[in-house]
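Quick note: the sequence shown uses the UniProt record's numbering, first residue 1, plus one each step. Every residue, glycine too, gets a C-beta built ideally from N, C-alpha and C.
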Amino acid sequence: MTQKELGDAIGVRHNTISQYEKGRNAPEQNMIFAIANVLGVSVGDFFPETTTTPEESFVKAAAISGNLDEDDYKYLQELIKKAHTLEGKRREDFFKNIRLAVEFFDRNT
């Protein structure tokens, strides 16, 4: 099927289909369903599963959004995991120490 044929089938011009393919323009939700219908595939076929874990996604997103590097964010993620394993007094002490460190740096920066 050509871009023109697909465009005609869903009511857009062929250059719009070209922009979708090149990633220059994103189709709206209704267009995604229309394209899937015309091509005889499921919408899910356009979005393959990923093997990235939520933790890996967090680390990558955090690393590109600020001035901390990926290793720093991995360390922070480990702190979060550790916090989830602690209970009672140990958990309170863990967070108390983190708060003290944050307060120290707030006062001295």
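- Here DSSP, grouped into helix, strand and coil, assigns Gly7 to helix.
- Rounded to the nearest angstrom, the gap between the Cα atoms of Phe95 and Lys81 is 13 Å.
- Within the model, the alpha-carbon separation for Glu5 versus Met31 is close to 15 Å.
- Using a Cβ distance threshold of 8 Å, Phe47 and Ala36 do not count as a contacting pair.
- The Cβ atoms of Gly7 and Thr16 sit closer than 8 Å to each other.
- DSSP places Leu68 outside any alpha helix (DSSP H), giving it a letter other than H or E.
- Around the beta-carbon of Ile98, fewer than 16 other beta-carbon atoms lie within 10 Å, marking it exposed.
- In this chain, the alpha helix (DSSP H) harbouring Met31 covers Gln29 to Leu39.
- A residue is called buried once 16 or more other Cβ atoms fall within 10 Å of its Cβ, and Tyr73 is buried on that count.
- The continuous alpha helix (DSSP H) containing Val102 extends over residues Gly88 to Arg107.
- DSSP places Ala83 in the helix class (H, G or I) of the three-state scheme.
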